[in-house]
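Residue numbers (the working numbering), protein chains in the order written: chain R, 1 to 320; chain W, 1001 to 1365. The next block holds one structure in the form of structure tokens; read it before the comments.
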Amino acid sequence: MTNIAATASSSTETAAVPTTLAKGFVNRLVIIIPYLWLLFLFLVPFIIVFKISLSQTAISMPPYTPVLDFKDGVSGFLAGFRELNFDNYIWLTQDALYFNAYVTSLIIAAISTILTLIVGYPIAYGMARAPATIRPTLLMLVILPFWTSFLIRVYAWIGILKPEGLLNQVLLATGLVSQPLVILNTYTAIFIGIVYSYLPFMVLPLYSSLEKMDYSLIEAAQDLGCPPTVAFWKITFPLSLPGVVAGCLLVFIPAVGEFVIPDLLGGSQTLMIGKTLWNEFFSNRDWPVSSAVAVILLLVLTIPIMFFQQAQAKAQEQGR
Amino acid sequence: MIRKALLLSATSAFLTLFTLSGHAEDRVVNVYNWSDYIDSSIIDDFTKKTGIKVVYDTFDSNEILETKLLAGGSGYDVVVPSANFLARQIQAGVFQKLDKSKLPNLSNMWDVISERTAKYDPGNEYSVNYMWGTVGLGYNVKKVQAALGTDKIDSWDVFFNPDKLAKLKDCGVYVLDSPTDVLPAALKYLGLDPNSTSPDDISKAEEALLKVRPYVRKFHSSEYINALANGDICLAIGWSGDVFQARNRAVEAKQGVEIGYSVPKEGAEMWFDQMAIPADAPHVADALEFINYMMTPEVIAKSSNYVLYANGNKASQQFVDKAILEDPSVYPDEETMKKLYTIAPYDPKTQRVITRTWTKIVTGQ
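See the structure below:
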């Protein structure tokens, strides 16, 4: 693939000037597309949610008071600007419920991410080291579960984990346990559900960074008398770090807001932010407060990730 | 050759039919109803009789329906929210008043039900009852018999008495994750007004629920259907229709699971699903014709016979299967009917207190 792209670009470089101009335009367009994507699918929805979070509930359609609209012209907009208040955000600090829900969600997501990494790394490593002929098949097998509805796959775990389920039947039949294990409706079930569901998001980036690795580095280390485990921690793991980071972010971020898995597999005592948001939106019909919960969730996730990326960029620069 | 000719004439006849019905303006009605909630032949019959095409779409929670309605521009002509949701939606201006001159079949309706739905929709100006039911106890007959030594469940005591529920803990207890259905039941069990919004009463109900909380495996509003049907649990506080669905699935599965449903003798909450027309409905005349058709005694009886719910249509009762009509868990006797109560919608402040209390009961926080 890379070779073809290289030859293609070198052939265009030799072409006449107008083509280079066109190429510059195309290049710029390619850069613009992700920004447009961010603008329309992230920034605009976020601004809408943020606007709702500053309003108050009302029994109307839609069920909140309008804020910052241009109905009364620019002066009305400016007057509304002065009346803005952050009551809904203050409300979130007055009940420990919200804080606890955020913390629980972050802890559950962090543990799940580490578990997914532990399970996913050997898989990705095995795939990257497998003969090139069967790699596409292995890759296919990782993606295959996506062909079935996510909901159905989570439901299937109920059948496996329940007291009279498959797992307990096997364990009882083999005599490993004398009483059925209670797994369903516990935190363990949530971890199993998240690790299972998000595993492909961990394996794919890991695989892509491990596959690119130059295996002769390991051979060199072995030639110099480095034991395999040390070679792994000194060479393989650091080189796969970009994949580790990408995989962890891809698992951690959606896991924090996860709603379906804790709802189906977890117990009722599980208090995660997704459920809290659901309660605010549907039970209390309080769109403004639930929007505030969502905005805070976004900040809780985005700010540390931004710092992390900055630190990484710095480290890379120093490395050079 | 003959066959070909036949085929040709059949096609042309079909085409003429098609163009004929197409000529009189394409009449359409967009219906949004609960899933598994109608005998689909009713829809076909309606189209055959009136030429109005029905676009039938389904939802499975009031919350989803409400969100669509409140956001506006849903494009639906007939929707079927539950009455407590409907009441708030009327206040929010979601619906339009029904033109009763277009609904001659209203005379078939059952005053016992209409009187109660008027609590949510004063004068029944915006809605017509489709089906109604109760919030009661669904149970696995054999497992309850084994755990308690009796399969006669007729009181909330089996749930709110910690000694009794403790015995059912191991075989599994599920409860609706719905404070507006379960807290009133606790109030009723304690002999208080199920509609009470006083903080004292609510905290008493909270206390009663916290006492039995350790024995509840899960609070969830739909999983109990499968859990009951598969024999995974032995007791659930649930909606009557859902428990009947579990009962039917258990019968179909032939695994020897037998499901019972009981309307507790202390009294149980009644729920109503109401047909209404959104204010911005694009096909109002067709919607009215649809609602009127659904009030035809034979039609709504057919629906009851299929979904196994009671309907609010008095004249239909002669067409409802005897087994359903005489089943006290579907059509409770007059004595029980008197004890059934309805829950008025809460104001936003009370709703917040109730939701917060519920979170405390369910999660311990």
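Virtual Cβ for every residue (Gly too), placed ideally from N, Cα, C.
| Asked | Found |
| --- | --- |
| Relative to the C-alpha of residue 1231/W, which candidate in 1184/W, 1141/W, 1214/W and 1218/W has its C-alpha closest? | 1141/W |
| Tell me whether the beta-carbon of residue 101/R lies closer than 7 angstroms to the beta-carbon of residue 302/R. | no |
| May I ask you to report which of helix, strand or coil DSSP gives residue 57/R? | strand |
| Hey, could you find the ends of the beta strand (DSSP E) residue 1261/W is sitting in? | 1259 to 1262 |
| Mapping the DSSP letters down to three states, classify residue 300/R as helix, strand or coil. | helix |
| What residues match up with residue 1053/W in a beta bridge as DSSP calls it? | 1028/W |
| Taking just the CA atoms, how far does residue 77/R sit from residue 1282/W? | 33 angstroms |
| Closer than 9 angstroms, Cβ to any Cβ of chain W: which residues of the region 52 to 69 of chain R, in chain order? | 57, 58, 59, 60, 61, 62 and 63 |
| With residue 1066/W and residue 1089/W assumed to form a contact (beta carbons below 8 angstroms), what rounded beta-carbon distance in angstroms separates them? | 7 angstroms |
| Span of the alpha helix (DSSP H) holding residue 142/R? | 135 to 143 |
| I'd like the list of long-range same chain contacts for residue 228/R, defined as Cβ closer than 6 angstroms, with 5 residues on each side in sequence excluded. | none |
| Does the beta carbon of residue 309/R come closer than 7 angstroms to any beta carbon on chain W? | no |
| Any chance you could list the alpha helix (DSSP H) runs of at least 4 consecutive residues sitting entirely within the region 1171 to 1229 of chain W, in chain order? | 1179 to 1189, 1199 to 1212 and 1223 to 1229 |
| Count the other CB atoms, across all protein chains shown, that sit within 10 Å of the CB of residue 306/R; report buried if there are 16 or more and exposed otherwise. | exposed |
| In whole angstroms, give me the CA-to-CA distance for residue 81/R and residue 53/R. | 14 angstroms |
| Please name the residue in 1210/W, 1114/W, 1154/W and 1242/W whose C-alpha comes closest to that of residue 1176/W. | 1242/W |
| Please report how far the alpha carbon of residue 287/R lies from the alpha carbon of residue 279/R, in whole angstroms. | 10 angstroms |
| With DSSP as the reference, identify every bridge partner of residue 1274/W, one or two as the case may be. | 1129/W |
| Where in the region 1100 to 1161 of chain W do unbroken runs of the alpha helix (DSSP H), each at least 4 residues long, occur, reported from the N-terminal end onward? | 1111 to 1117, 1141 to 1148 and 1157 to 1160 |
| Taking C-alpha atoms, which residue in 127/R, 146/R and 148/R lies nearest to residue 138/R? | 127/R |
| Can you pull the chain R residues whose beta carbon is under 9 angstroms from the beta carbon of residue 1094/W, in chain order? | 61 |
| Taking 8 angstroms as the cut-off, does the region 1067 to 1076 of chain W touch the region 1107 to 1123 of chain W (at least 3 CB pairs, one atom from each stretch)? | no |
| Can you give the Cα-Cα distance for residue 1346/W and residue 309/R, rounded to whole angstroms? | 48 angstroms |
| Under 7 angstroms between C-beta atoms, does residue 162/R make it to chain B? | Reference to chain B is not applicable here, since the protein chains of this structure are R and W. |
| Determine, for residue 222/R, whether the minimum Cβ-Cβ distance to residues of chain W falls below 7 angstroms. | no |
| Please confirm whether residue 1059/W has its beta-carbon closer than 7 angstroms to some beta-carbon of chain R. | no |
| Keeping to the same chain, check which residues put their C-beta closer than 8 angstroms to that of residue 208/R; ignore five residues upstream and five downstream. | 243 |
| Shortest alpha-carbon distance to residue 1288/W belongs to which of 1041/W, 1026/W and 1050/W? | 1050/W |
| Cβ of residue 1109/W within 7 angstroms of Cβ of residue 1309/W? | no |
| If contacts are defined as beta-carbon pairs under 8 angstroms, then residue 1194/W and residue 1343/W qualify, I think. What distance do you get, rounded to the angstrom? | 6 angstroms |
| Answer yes or no: do residue 256/R and residue 112/R have a C-beta to C-beta separation smaller than 7 angstroms? | no |
| Answer yes or no: does any C-beta atom of chain R fall closer than 7 angstroms to that of residue 1436/W? | Only positions 1001 to 1365 of chain W appear in the structure, and residue 1436/W is not among them; the question remains open. |
| Give the DSSP-derived three-state secondary structure of residue 1361/W in the structure shown. | helix |
| Compute the distance between the beta-carbons of residue 1035/W and residue 1058/W, then report whether it is under 7 angstroms. | yes |
| Rounded to whole angstroms, what is the Cα-Cα separation between residue 116/R and residue 1353/W? | 39 angstroms |
| Are residue 217/R and residue 235/R touching if we call contact CB-CB under 7 angstroms? | yes |
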